[in-house]
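Chemist: This structure is in structure tokens; I'll ask about it shortly.
In UniProt numbering, the protein residues as written are 1 to 291.
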């Protein structure tokens, strides 16, 4: 359909649903920018069909500067070497062991049977009649399915997550820590990284004309520096003491926060325990000092 005929067709139509359908179904060449609604249609041809809508110069500058070292050049090269080995290229070694992330299963660790079996049953409820699965697995699967709309894990959940699972989490916290835990205060997330980003996102606000800052240990897991760069939050590093098994030095912590207050507003501190990548184990006395 030519641009002229298409414009005439849409102008003649005042039906909102039809116009929505036209807008969603028709595919236009990349050199056209189109706006369609019930009473208006316009088409603008860009001066240059080679102009890119998104490039390094006009993209979000926070994304451009962020780095995630665990999936950076070293991993790319390691993957290339792996592929070379598969093709029979001679190397002074036979395999590549990737230590960039704690991918336990990739290193051969066996998954927890109970979790895998429950996942299988809630994904395919017909297996609830299969004698190969133990009764405690079936009971847990039925409980979860009963807590899902329509009895299906494919249904939408509340934003904080499936209620029955949040109740189980709260019960676990009470048993582990010996303190009350209200499931209404429990939010489920898609892994630790997603939860960390959700918390850091809450802190993104200038206070008294200063951008927010977050203290993170050095060395640190690159998730934090990458996320802070993405959110345009000032990274404030406090250095761990290698001579003390990468221990926390309170004087260094005080130096770091005092220096940071000159140019940002420190709003949070990241404590990684056990330390990643150092393996540091912090005693509760350190938490009390930091508080």
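Where a beta carbon is used, it is the ideal one built from N, C-alpha and C, also for glycine.
Can you tell me whether DSSP reads residue 210 as helix, strand or coil?
Modeler: strand
Chemist: Just list the residues that DSSP pairs residue 215 with in beta bridges.
Modeler: Paired residue(s): 236 and 269.
Chemist: Per DSSP, which residues does residue 247 bridge with? Please list them.
Modeler: 241
Chemist: Provide the residue span of the alpha helix (DSSP H) that contains residue 78, from first to last.
Modeler: 73-86
Chemist: From residue 191 to residue 197, what does the alpha carbon distance come to, in whole angstroms?
Modeler: 10 Å
Chemist: Exposed or buried, residue 275, counting other C-beta atoms within 10 Å across all chains shown (16 or more means buried)?
Modeler: buried
Chemist: DSSP three-state label for residue 292, please.
Modeler: Nothing about residue 292 can be reported from this structure: the residues present for the chain run from 1 to 291 only.
Chemist: So, does the CB of residue 271 fall closer than 8 Å to a CB anywhere in chain B?
Modeler: The displayed structure is made up of one protein chain only, and chain B is not part of it.
Chemist: Just the Cα atoms here: how many angstroms apart are residue 235 and residue 144?
Modeler: 41 Å
Chemist: Work out the CA separation of residue 248 and residue 122 for me, nearest whole Å.
Modeler: 44 Å
Chemist: Measure the beta-carbon distance from residue 201 to residue 186 and round it to whole angstroms, keeping in mind my assumption that it falls under 8 Å.
Modeler: Not confirmed; about 18 Å, so no contact.
Chemist: CB-CB under 7 Å to residue 56, same chain, minus the five flanking residues each way: which ones, in chain order?
Modeler: 64
Chemist: Measuring straight from C-alpha to C-alpha, what distance separates residue 233 and residue 79?
Modeler: One C-alpha to the other measures close to 32 Å.
Chemist: Is residue 78 near the ligand HEM, judged by its Cβ being under 7 Å from some heavy atom?
Modeler: Among the components of this structure there are no ligands whatsoever, and the ligand HEM is therefore not found.
Chemist: Report the three-state DSSP secondary structure of residue 151 (helix, strand or coil).
Modeler: The three-state reading of DSSP puts residue 151 in helix, counting H, G and I together.
Chemist: Beta-carbon separation of residue 269 and residue 290 under 8 Å?
Modeler: Result yes, Cβ atoms of residue 269 and residue 290 sit closer than 8 Å.
Chemist: Pull up the distance between the alpha-carbon of residue 159 and that of residue 281, whole angstroms please.
Modeler: 34 Å
Chemist: Can you look up residue 288 in the DSSP assignment and give me helix, strand or coil?
Modeler: helix
Chemist: Just the Cα atoms here: how many angstroms apart are residue 252 and residue 222?
Modeler: 21 Å
Chemist: I need the straight-line Cα distance from residue 207 to residue 265, nearest angstrom please.
Modeler: Their Cα atoms are separated by approximately 7 Å.
Chemist: Contact check, residue 173 vs residue 147 under 8 Å by CB: the rounded distance?
Modeler: Not quite, the Cβ-Cβ distance comes to about 18 Å (not below 8 Å), so this is no contact.
Chemist: Are there 16 or more other CB atoms within 10 angstroms of the CB of residue 73, so buried, or fewer, so exposed?
Modeler: Counting the other Cβ atoms within 10 Å of the Cβ of residue 73 gives fewer than 16, which makes it exposed.
Chemist: Give me, in chain order, the residues of the same chain whose beta-carbon lies closer than 7 Å to that of residue 239; leave out the 5 immediate sequence neighbours on both sides.
Modeler: 218 and 252
Chemist: Measuring CB to CB, does residue 214 end up less than 8 Å from residue 140?
Modeler: no
Chemist: With DSSP collapsed to three states, give me the class of residue 132.
Modeler: coil
Chemist: So, using beta-carbon positions, are residue 205 and residue 66 closer together than 8 Å?
Modeler: no
Chemist: Looking only at its own chain, which residues have a Cβ that is under 8 Å from the Cβ of residue 151, when we skip the five neighbours before and after it?
Modeler: The residues are 125 and 145.
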